[in-house]
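Per numbering that gives the first Met the number 0, the very first residue in the sequence shown carries number 0; after that it's consecutive.
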Amino acid sequence: MSRVSVLVGGKWAQVMMDPNANVGQVGQSAIALCGRPAQLKFKMRRCSDGAPLGLDEPAKKMLRNNDFVDLVMEGENWSLPAVPVFADAQRSWVEPTEYLSMDGESLTTEDLVRLSKGNLKIKLTQEAEKKVCDSRAVIDLIIKEGRVVYGINTGFGRFADTVVSPDDLKNLQDNLIRSHSAGVGDPLTPERTRMLLALRINVLAKGFSGVSMETLNGIIDAFNASCLSWVPEQGTVGACGDLAPLAHLCQGLMGEGLMWSPQSGWAPAKDVLQGHGLKPIILKSKEGLALINGTQMISSLGAEALERAQAIARQADIIAALTLEALKGTSKAFDKDIHFVKPQPGQMEVAFRLRSVTHSSVHPSGITGSYERVQDAYTLRCSPQVHGIANDTIAFVKNIITTELNSATDNPLVFAERGITISGGNFHGEYPAKALDFLAIGVHELASISERRIERLCNPSLSQLPAFLVKDGGLNSGFMIAHCTAAALVSENKVLCHPSSVDSLSTSAATEDHVSMGGWAARKALRVVEHVERVLAIELLAACQGLEFHRPLKTTAPLEQVHKLVRSVVRPWDKDRAMSPDIEAAHKLLREEKVWEVVRPFVEQYARTEKK
């Protein structure tokens, strides 16, 4: 029998739905369960999307198992906001059936991004469960023997020398979470909260944190039900770990504060958990500290930035090739021998991709095939060298972030084989902070050079194309302001690329006297990558528009496929129209890696030919 949670006057009721009941009868049952007098006049709506529910409609048609419903009596106000914060995430979510096994050792950035989408559930390997149990046994023995150990029966930070009595150990952990839930700003999206929660589970699965399997299973159950805490994005200095965001993450799991699920939207955490048949976790000794001490906010956001950077870097090469064709450039600068004598890995990779889609005997171009130019401007000729370092930067950062994803980063660490705990500094976020600052700098250059290529496309003195890529210039402005948008984003990136990790402010009464500022490094790296995506989306549109002026000639087969893809969502500019929707449509293609998807078979075909 299906169950729904109904909010009546600020109180939740769990109603088991009779298969033959209508929505109104479900409402009447909820009113009775909440101890309110029977009512004839009331209204109901789904919490997930705010949709009104007809009282005479069949309940099984209008409501799903575990749905959350807001009910208001005549003359009263709705208890919850009408518009959900993350409506898209609610509409698109389907409960997953596939599991990812976690062992604390092998999580990849690709795995983490897949987990963010809500397409996978989590389970631990048997080996991980054993390590967790062995680690917890050490903590239990310390408590039993009455030893004084930091984080188990002492205060924290400046209060590390303060011993806490056995009767107050639970309050110690609860107070730690409540006091550290001091973040501000907008909440993380459901996707980013899933990444944060999944990564914390992976770190606990390593077996060096001292949590119990009971608590860890409760956290996994919450993840699998997509019950996600309110986590403000600001407040971490990146040492002693990401304390504030991780405390907010834990607070919801304790049944305090707000929590989101696809069925409930934002609601009190205790009610969301109850509505999904879950119980709040009850923290045991050391568990509060084990749940908030680490670099998971930096690393999870960094993993997203990294994956998006990798996707746009591949596609930037294809977009540059389109521009080269529109400007009737030469592919001679991508000759294999040129790059063999300067064998930087990223440079060689980019040059290969450019060779594989520009004019060659494998993929001839009707536009540039019979056109001979000695050499092009640097924005075309030096694409392998400029794009190449972005690719090498991504590879460097990926190594550091992947290591961080699978590292024990809390304090103190529990070493079960030795039967001891040791205080250290693995929570310090300097590694991912520095790496993500480097990522922002490296990837930004893709936008910087792209903006200059847009200028060449729009400037008739450089392109031999109509000014701003439109007919009847003067009457029409074409890409004039689209180029301004690209320039504005590149300028913003110049500020965002200032490294946050060069800053440090002493905190916790000078106990934590050097911090990484890695949270801002991760957040701004994401912003830089998004700006890069949008600048390249504008170049993609401009290059495709440039090709229109070469018709009926056609470019290479792979680039014609890209042009066809773009034209499937954006029509050519015959006259001026609002450009923002078209830029967003092109950006969506890049976010979904559609440009790479259509050229990949051609790239692989060229690779086989070049090896012969």
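Where a beta carbon is used, it is the ideal one built from N, C-alpha and C, also for glycine.
For my contact list, residue 455 and residue 300 are in at a C-beta cut-off of 8 Å; report their separation, rounded to the angstrom.
By a beta-carbon distance limit of 8 Å, residue 455 does not contact residue 300. Their separation comes to about 34 Å.
Per-residue DSSP class, three states only, for residue 107:
Three-state DSSP puts residue 107 in coil, outside helix and strand.
How about residue 156 and residue 503: are their beta carbons less than 8 Å apart?
Going by C-beta atoms, residue 156 is not nearer than 8 Å to residue 503.
For residue 7, collect the residues of the same chain with a Cβ closer than 7 Å to its Cβ; drop the 5 residues on either side in sequence, then sort them by chain order.
Residues 29, 30, 33, 35, 70 of the same chain have their beta carbon placed closer than 7 Å to that of residue 7, with the five preceding and five following residues left out of the count.
Per DSSP, which one or two residues make a beta bridge with residue 265?
Answer by DSSP bridge pairing, in chain order: 259.
For residue 280, which residues of its own chain have a beta-carbon under 7 Å away from its beta-carbon, when the five flanking residues on both sides are left out?
The residues are 214, 217, 218, 252, 253.
Length at least 3, wholly inside the stretch 208-239: the beta strand (DSSP E) runs in chain order:
Counting only runs of 3 or more, we get 231-233.
Residue 426 in three-state terms, based on DSSP
It is coil, neither helix nor strand.
Please return the same chain residues whose Cβ sits closer than 7 Å to the Cβ of residue 76, not counting the five positions on each side in sequence.
Here residue 76 has no same chain residue with a Cβ atom under 7 Å from its own Cβ, once five neighbours each way along the sequence are excluded.
Residue 527, buried or exposed, once every other Cβ within 10 Å from all chains shown has been counted against 16:
Within 10 angstroms of the beta-carbon of residue 527 lie 16 or more other beta-carbons, which makes it buried.
Assess, as a yes-or-no matter, whether the stretch 394-407 is touched by the stretch 362-381 under the definition of 3 or more beta carbon pairs within less than 8 Å.
No, the stretch 362-381 does not touch the stretch 394-407.
Mapping DSSP to helix, strand and coil, what is residue 421?
Strand, per DSSP.
Got a sec, what are the start and stop residues for the beta strand (DSSP E) residue 22 sits in?
Where residue 22 is concerned, there is no enclosing beta strand (DSSP E), although the alpha helix (DSSP H) it sits in stretches over 22-32.
Endpoints, the beta strand (DSSP E) within which residue 44 is located:
Bounds of the beta strand (DSSP E) holding residue 44 are 41-45.
Using the C-alpha atoms, what's the distance from residue 458 back to residue 103?
One alpha carbon belongs to residue 103, the other to residue 458, and they sit about 54 Å apart.
Is the beta carbon of residue 262 sitting closer than 8 Å to the one on residue 65?
In this structure, residue 65 lies closer than 8 Å to residue 262 by Cβ.
Count the other C-beta atoms from every protein chain shown that fall within 10 angstroms of the C-beta of residue 115, then say buried if there are 16 or more, exposed otherwise.
Flag for residue 115 reads buried.
Excluding sequence positions up to five away, which residues of its chain have a Cβ less than 6 Å from the Cβ of residue 521?
Closer than 6 Å at Cβ, skipping near neighbours: 297, 300, 301, 435.
If you follow the alpha helix (DSSP H) that residue 346 is part of, which residue opens it and which one closes it?
Note, residue 346: alpha helix (DSSP H), 344-356.
Tell me the rounded alpha-carbon separation between residue 55 and residue 16.
Rounded to whole angstroms, residue 55 to residue 16 spans 14 Å at the Cα level.
Count Cβ pairs between the stretch 216-236 and the stretch 144-158 that sit closer than 8 Å; are there 3 or more?
Not touching, per the Cβ criterion.
Mind reading off the beta-carbon distance from residue 45 to residue 52? Whole number of angstroms is fine, and I expect it under 8 Å.
7 Å between Cβ atoms; contact.
Three-state secondary structure (DSSP) at residue 2?
Here residue 2 sits in strand by DSSP.
Which residues bound the alpha helix (DSSP H) around residue 67?
Run containing residue 67: none in the alpha helix (DSSP H); it sits in the beta strand (DSSP E), 67-72.
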